[in-house]
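A.B. asks: So the sequence shown is numbered by the numbering used here: it starts at 592 and just counts up by one. Built from N, CA and C at the ideal position, the CB exists for glycine as well. All values derive from a computational prediction rather than experimental measurement.
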Amino acid sequence: LQNKEFKRVLRGYNEQEVDGFLTRVCRDYEILYRQNQELQEEVLELREKLGQYRNIEETLQNTLILAQQTAEELKRTAEREAAVIVERGQMQAEHELREAEKSIQQMEQEYERLRQQASTFRSQFRSFLEVQLELLDKPLGLEEVG
């Protein structure tokens with residue numbers, strides 16, 4: 592624009608006016624051109640930042656999803672482990688209950704055996720004592736001899 596020259600005509604425009612106008616147009620064009628360049632650079636920077644923010648957002652979303660999945664897996668694992676612990680506890684309690692019932696049954700059998708043994712002993716001892724009493728009640732064989 593600055594180097595553009597116009598032909599001279601007789602009843603043409605005022606040369607100084609045209610030169611002044613062209614100078615202003617050139618100056619305004621340069622300003623607009625620089626502003627446009629700056630805006631384009633700014634747009635590029637903003638697009639770059641936007642891309643970075645989108646990457647950060649995607650990373651955060653992926654991290655959040657992973658954290659949720661991990662939390663759910665931990666919860667499922669804890670629930671499975673709790674179920675196993677409860678089941679083992681129930682099995683242990685049932686085993687101990689069976690052992691206690693078995694022990695009670697053995698004690699009852701031992702009690703019955705000892706009771707019968709005591710009854711037998713009493714009967715035998717009673718019989719022994721009765722025999723001894725009979726012997727005491729019998730006259731001694733000395734009287735018959737004499």
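#1: Using three-state DSSP, classify Y620 as helix, strand or coil.
#2: Using the Cα positions of R645 and V634, report the straight-line distance between them to the nearest angstrom.
#3: Taking the alpha-carbon positions, what's the Q696 to I676 distance?
#4: To the nearest angstrom, report how far apart E636 and G642 are at their CA atoms.
#5: Give the straight-line distance between the Cα atoms of G737 and F712, rounded to the nearest whole angstrom.
#6: Rounded to whole angstroms, what's the CA-CA distance from Q681 to A673? Just pull it up for me.
#7: According to DSSP, simplified to helix, strand and coil, what is N605?
C.D. replies: Here's the rundown:
#1: helix
#2: 16 Å
#3: 30 Å
#4: 10 Å
#5: Interpretation of G737 is limited by its pLDDT of 48, a score under 50 that renders its predicted location unreliable; the figure taken from the coordinates is listed afterwards. Cα to Cα, the separation comes out at about 40 Å.
#6: 12 Å
#7: coil
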